[in-house]
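Protein chains in written order, with our numbering: chain A, 230 to 740; chain U, 250 to 492.
Glycine included, every Cβ here is placed at the ideal spot set by N, Cα and C.
One structure is given below, encoded as structure tokens.
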């Protein structure tokens, strides 16, 4: 008897998910488990801090800017929903608990895939920061009364937004896997962008955001502080219903999408690629293969395009000033590195063993990857700055210099960090599927947090230099930072040159 | 234990003495000796985990030996792995192909790094012989296992190396591919290369090889003429060596 869309299938999916998680956990060493426990503890503490600390800051700060925050909170709730949706779309529906290649022998159902992707969605620094931001701003505005009751509707909204985004992500992936899927997906994306651009150009964006129904989420939280428990309970029940419906409805597009062929990937694998002329040097030859590995990979190509466009469009919509544009390259560079750079030898996949058997120095193999990663990050960051520049006005030489310096410095920082991680902690990952990540999801969460912290600080430094009199000051600030990144790159290159270490990396990546 | 395959009077291309390879606490290879000669093929046989692939990787310059002497074409693999890589052609046991590059791009990269001139005709010829001509400009990520194995043999033999290292070259390969691989081995022997073949397919190995070396648990347990492992009697003798 077919059991699809039944409670039996849901129960089985949950049991399978537990088994897959146990399988992943079994591969973790004691040290990794301890690190994970610490990381989970930090996330829990920060979440509690995001609820409690701002509420008690309200009084000493005299509720400063609280009315402004009240006005933008519904937009921020909506923004979280949009972010969760875009993240799910960009990751081909959602992340995999176990890579497809490893799970191919097991009957992993679409229910398990859907629930697994939902569970992994918060393992992302962008998701966490956004969640903490909306919680913190809300409790700051509402103060310390009935805090658990204030936090509950917010947490439910965050969960609902994630589940909703997941459902839309699966649906979009299903469309993309159709016969004309790529075209349809592009048309939908273009239409969505046109709507946003039209709203921005007609100055209708803010009024539209003001009419956002997410104001009810704020009201649900506010009912608790006013002791209107009846209204609070009704709002809470509504959010619970929305959450359950979103999770269950997501099963339908998940099943639809996952049962369709990976058309884009298959087209790429079966298409003819015109041969090019022979490369002029060993380095160019190595770089050519690395570039091909990036631009012929569906998830990498898609991810880079999203990264190049999205922060730029947000800056465009928000008329970001030049002093804040310096933050954007860090976001883009971190995101780009998280696509493949943090485990850069995964580009070679199983070919790593053959490639290492070729007569070329370890240095050339290493610097080919450094250059290719740097150029990809720089190109994406440059495009983002260009988009942001469209509405940021004419920059002063310090502002322009700071934005360029920020792009170059964070690019170098991210490359240096990524290469170190790639050498220290390689993983065997097949980057064929749009749902693939270059390292296990938990590791990716740690990487994203560390990269975000580092690049945001650097971006803020260059926000400061944008206020200088000319471009010389940002250049002078950039110089030592660049030199330090170069030193780190050279150190990692020295480690890569050690045959024993290289053999370990290659053996891990190629198996 | 010292096991030597082949006739000592011939020209040595591979000379391994007391090779040890450790990965942390695991000893993958424990003091084996191998000698392979120009114009002859040697089969490396043994169960899974016997140390065959690790030995091949050391000879290909991909893994450094933990201890012991490894000389390939007169060059110490520990002191000059780059020259060893130039002298060898290595077909790895797993994958061996960059998933988003085409066979032609693999060959182009190999030709560039090995300083080959006018390589295109030989590349085309090899691809045709292995029935990969139609797939020359498709990314290898879409290849079947057998196609991947065949291309790995092509890449190993492409530059006509003095030492040809084939790790599981017949695994999952169709009869046409097996025939083409046997032809490549014969060609290599004819021009004076030493060929080392690691495989579980004893019958095919015995067709191609003159010498055989049986490994067990990282150590060599027997070196013999390949004839001794042919047929039913050979199968029994081989089985006895594995236990």
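Taking just the CA atoms, how far does residue j sit from residue i?
{"i": "residue 326 of chain A", "j": "residue 246 of chain A", "result": "8 Å"}
{"i": "residue 305 of chain U", "j": "residue 359 of chain A", "result": "51 Å"}
{"i": "residue 244 of chain U", "j": "residue 397 of chain U", "result": "Nothing about residue 244 of chain U can be read from this structure; chain U reaches only from 250 to 492."}
{"i": "residue 250 of chain U", "j": "residue 449 of chain U", "result": "Caution is warranted here: a pLDDT of 38 is assigned to residue 250 of chain U, below 50, making its placement in the model unreliable, and the coordinate value is therefore given only provisionally. Distance between the alpha carbons of residue 250 of chain U and residue 449 of chain U: 23 Å."}
{"i": "residue 376 of chain A", "j": "residue 285 of chain A", "result": "10 Å"}
{"i": "residue 520 of chain A", "j": "residue 601 of chain A", "result": "7 Å"}
{"i": "residue 656 of chain A", "j": "residue 313 of chain A", "result": "27 Å"}
{"i": "residue 401 of chain A", "j": "residue 353 of chain A", "result": "21 Å"}
{"i": "residue 264 of chain U", "j": "residue 343 of chain U", "result": "25 Å"}
{"i": "residue 321 of chain A", "j": "residue 320 of chain U", "result": "50 Å"}
{"i": "residue 792 of chain A", "j": "residue 626 of chain A", "result": "Because chain A is modelled from 230 through 740, residue 792 of chain A falls outside the range shown and cannot be assessed."}
{"i": "residue 676 of chain A", "j": "residue 551 of chain A", "result": "28 Å"}
{"i": "residue 253 of chain U", "j": "residue 662 of chain A", "result": "Note on residue 253 of chain U: pLDDT 46, under 50, position unreliable in the model; the coordinate value appears next. So the alpha carbons of these two residues sit roughly 47 Å apart."}
{"i": "residue 437 of chain U", "j": "residue 533 of chain A", "result": "46 Å"}
{"i": "residue 452 of chain A", "j": "residue 304 of chain A", "result": "19 Å"}
{"i": "residue 549 of chain A", "j": "residue 542 of chain A", "result": "10 Å"}
{"i": "residue 711 of chain A", "j": "residue 642 of chain A", "result": "8 Å"}
{"i": "residue 266 of chain U", "j": "residue 281 of chain U", "result": "6 Å"}
{"i": "residue 646 of chain A", "j": "residue 603 of chain A", "result": "12 Å"}
{"i": "residue 330 of chain A", "j": "residue 414 of chain A", "result": "26 Å"}
Could you list which residues in chain U have their beta carbon closer than 8 Å to that of residue i, in chain order?
{"i": "residue 587 of chain A", "result": "334, 358, 359, 362, 363"}
{"i": "residue 511 of chain A", "result": "361, 362"}
{"i": "residue 507 of chain A", "result": "357, 360, 361"}
Quick one: using the 10 Å Cβ neighbour count with 16 as the cut-off for buried, is residue i buried or exposed?
{"i": "residue 447 of chain A", "result": "buried"}
{"i": "residue 395 of chain A", "result": "buried"}
{"i": "residue 256 of chain U", "result": "Its pLDDT being 48, under 50, residue 256 of chain U is placed unreliably in this model, and the value from its coordinates should be taken loosely. Residue 256 of chain U comes out exposed."}
{"i": "residue 260 of chain A", "result": "exposed"}
{"i": "residue 653 of chain A", "result": "exposed"}
{"i": "residue 524 of chain A", "result": "exposed"}
{"i": "residue 436 of chain A", "result": "exposed"}
{"i": "residue 422 of chain A", "result": "exposed"}
{"i": "residue 442 of chain A", "result": "exposed"}
{"i": "residue 681 of chain A", "result": "buried"}
{"i": "residue 484 of chain U", "result": "exposed"}
{"i": "residue 473 of chain A", "result": "exposed"}
{"i": "residue 409 of chain A", "result": "exposed"}
{"i": "residue 278 of chain A", "result": "exposed"}
Taking C-beta to C-beta, are residue i and residue j nearer than 8 Å?
{"i": "residue 340 of chain A", "j": "residue 239 of chain A", "result": "yes"}
{"i": "residue 408 of chain U", "j": "residue 309 of chain U", "result": "no"}
{"i": "residue 342 of chain A", "j": "residue 483 of chain A", "result": "yes"}
{"i": "residue 446 of chain U", "j": "residue 292 of chain U", "result": "yes"}
{"i": "residue 512 of chain A", "j": "residue 566 of chain A", "result": "no"}
{"i": "residue 390 of chain A", "j": "residue 298 of chain A", "result": "no"}
{"i": "residue 725 of chain A", "j": "residue 733 of chain A", "result": "no"}
{"i": "residue 502 of chain A", "j": "residue 688 of chain A", "result": "no"}
{"i": "residue 332 of chain A", "j": "residue 323 of chain A", "result": "no"}
{"i": "residue 597 of chain A", "j": "residue 735 of chain A", "result": "no"}
{"i": "residue 518 of chain A", "j": "residue 443 of chain U", "result": "no"}
{"i": "residue 262 of chain U", "j": "residue 325 of chain U", "result": "no"}
{"i": "residue 465 of chain U", "j": "residue 299 of chain U", "result": "yes"}
Note down, in chain order, every chain U residue with its Cβ under 9 Å from the Cβ of residue i.
{"i": "residue 655 of chain A", "result": "The contacting residues do not exist; residue 655 of chain A stays about 14 Å from chain U at best."}
{"i": "residue 521 of chain A", "result": "347, 349, 350, 351, 354, 388"}
{"i": "residue 497 of chain A", "result": "349, 388, 390, 391"}
{"i": "residue 740 of chain A", "result": "343, 344"}
Within 7 Å: the Cβ of residue i and any heavy atom of the ligand GTP?
{"i": "residue 304 of chain A", "result": "No copy of the ligand GTP appears in this structure; indeed no ligand is present at all."}
Going by C-alpha to C-alpha distance, which of the options sits closest to residue i?
{"i": "residue 424 of chain U", "options": "U:380, U:353, U:439", "result": "U:380"}
{"i": "residue 461 of chain U", "options": "U:477, U:349, U:415", "result": "U:477"}
{"i": "residue 361 of chain U", "options": "A:588, A:330, A:578, A:347", "result": "A:588"}
{"i": "residue 490 of chain U", "options": "U:427, U:480, U:279, U:295", "result": "U:295"}
{"i": "residue 737 of chain A", "options": "A:593, A:651, A:439", "result": "A:651"}
{"i": "residue 539 of chain A", "options": "A:611, A:345, A:632", "result": "A:611"}
{"i": "residue 526 of chain A", "options": "A:336, A:665, A:635, A:466", "result": "A:665"}
Mind listing the chain U neighbours of residue i? Cutoff is C-beta to C-beta under 7 Å, in chain order.
{"i": "residue 526 of chain A", "result": "349"}
{"i": "residue 448 of chain A", "result": "Simply none; closest approach about 51 Å."}
{"i": "residue 262 of chain A", "result": "Ordered by position in chain U, no residue passes the 7 Å Cβ test against residue 262 of chain A, which lies about 19 Å from the chain."}
{"i": "residue 577 of chain A", "result": "347"}
Give the residues of chain A in contact with residue i, contact being defined as C-beta atoms less than 8 Å apart.
{"i": "residue 313 of chain U", "result": "728, 729, 732"}
{"i": "residue 418 of chain U", "result": "Result: empty, since nearest Cβ-Cβ is about 13 Å, beyond 8 Å."}
{"i": "residue 294 of chain U", "result": "Neighbours of residue 294 of chain U on chain A: none; closest Cβ ~21 Å, over 8 Å."}
Give me the chain A residues within the contact set of residue i, using Cβ-Cβ distance strictly less than 7 Å, ordered along the chain.
{"i": "residue 404 of chain U", "result": "583"}
Can you name the residues of chain A whose CB is closer than 9 Å to the CB of residue i?
{"i": "residue 410 of chain U", "result": "Within 9 Å Cβ-Cβ: nothing; residue 410 of chain U doesn't reach chain A, min ~11 Å."}
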